[in-house]
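Engineer:
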Amino acid sequence: MLSYRCLIAVPGRAAASSCGRGAAGLRLKYQYVCAANRFPTAVVSSSTSARSVSAAAIELGSTLSDPGLLRREIFIDGEWQTTGTSFSVTNPATGQQVASVSAGGTKETEAAISAAAAAQAGWAALTGRQRGSYLTRWAEGLVAAQDDITRIMTAECGKPLAEATA
Numbered sequence: 002m003l004s005y006r007c008l009i010a011v012p013g014r015a016a017a018s019s020c021g022r023g024a025a026g027l028r029l030k031y032q033y034v035c036a037a038n039r040f041p042t043a044v045v046s047s048s049t050s051a052r053s054v055s056a057a058a059i060e061l062g063s064t065l066s067d068p069g070l071l072r073r074e075i076f077i078d079g080e081w082q083t084t085g086t087s088f089s090v091t092n093p094a095t096g097q098q099v100a101s102v103s104a105g106g107t108k109e110t111e112a113a114i115s116a117a118a119a120a121q122a123g124w125a126a127l128t129g130r131q132r133g134s135y136l137t138r139w140a141e142g143l144v145a146a147q148d149d150i151t152r153i154m155t156a157e158c159g160k161p162l163a164e165a166t167a
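Residue 98 in the numbering used here sits at position 97 of the sequence shown, with consecutive numbering throughout.
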């Protein structure tokens with residue numbers, strides 16, 4: 002049985018999340034959740050099913066201004082890569098499969114860590130102003146893609162649209 006760690010809200014005192022916002026009357030804690038539970042869901046499968054997507058996934062991709070934002074691969078060392086396994090992303094509000102995406106394992110994690118370590122020297126050699134310029138352009142890209150990111154978050158997390166845009 003697949004289980005994974007997720008952040009859940011439980012009744013009690015308010016607690017700030019990592020972004021500094023808390024939910025009134027709720028505190029946050031990590032809990033291991035069984036994939037057989039209704040919320041959230043994750044199913045690991047072979048890579049052959051990564052190509053099969055539901056009508057909901059096709060519909061989501063067709064509503065995006067930039068369908069390239071809805072990727073099925075993982076990004077490591079400047080390249081999009083597929084892996085030997087995948088998992089289904091299911092909208093917890095509707096139960097519909099949103100996408101089937103590559104699942105990273107130990108090999109991919111080690112490759113990502115190595116790539117990040119190699120990139121660190123170049124990043125550290127930049128001035129603060131240069132790093133700030135990169136981060137500003139990245140933030141501007143997020144703002145430009147806000148509507149698409151909101152649609153993806155709504156489908157992936159089951160968030161209400163108003164909450165996803167906040």
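Where is the CB? At the ideal position from N, CA and C, for every residue including glycine. Only a predicted model underlies this, so the values are computations on that prediction, with no experimental measurement involved.
1. Determine, using beta carbons only, whether Asp148 and Ser89 come nearer to each other than 8 Å.
2. Compare the Cα-Cα distances from Ala104 to each of Arg132, Trp81 and Ile153 and report the closest residue.
3. Going by the beta-carbon positions, is the gap between Val99 and Arg73 smaller than 8 Å?
4. Compute the Euclidean distance between the alpha carbons of Thr49 and Ile150, then round it to the nearest angstrom.
5. Give the single residue among Lys160, Arg130, Gly79 and Cys158 whose Cα lies nearest to the Cα of Ala113.
6. If you draw a straight line from the alpha carbon of Lys160 to that of Met154, how long is it in whole angstroms?
7. According to the neighbour-count rule (16 or more other Cβ atoms, all chains shown, within 10 Å of its Cβ), is Ser63 buried or exposed?
8. Tell me, please, which residues DSSP counts as bridged to Glu80.
9. Cutting at 6 Å between CB atoms, please list the residues of its own chain near Thr166, excluding the five before and the five after it.
Structural biologist: Let me spell this out:
1. no
2. Trp81
3. no
4. With a pLDDT of 36 at Thr49, under the threshold of 50, the modelled position of this residue cannot be trusted; read the value that follows with caution. C-alpha separation (whole angstroms): 27 Å.
5. Gly79
6. 7 Å
7. exposed
8. Ile77
9. Thr151
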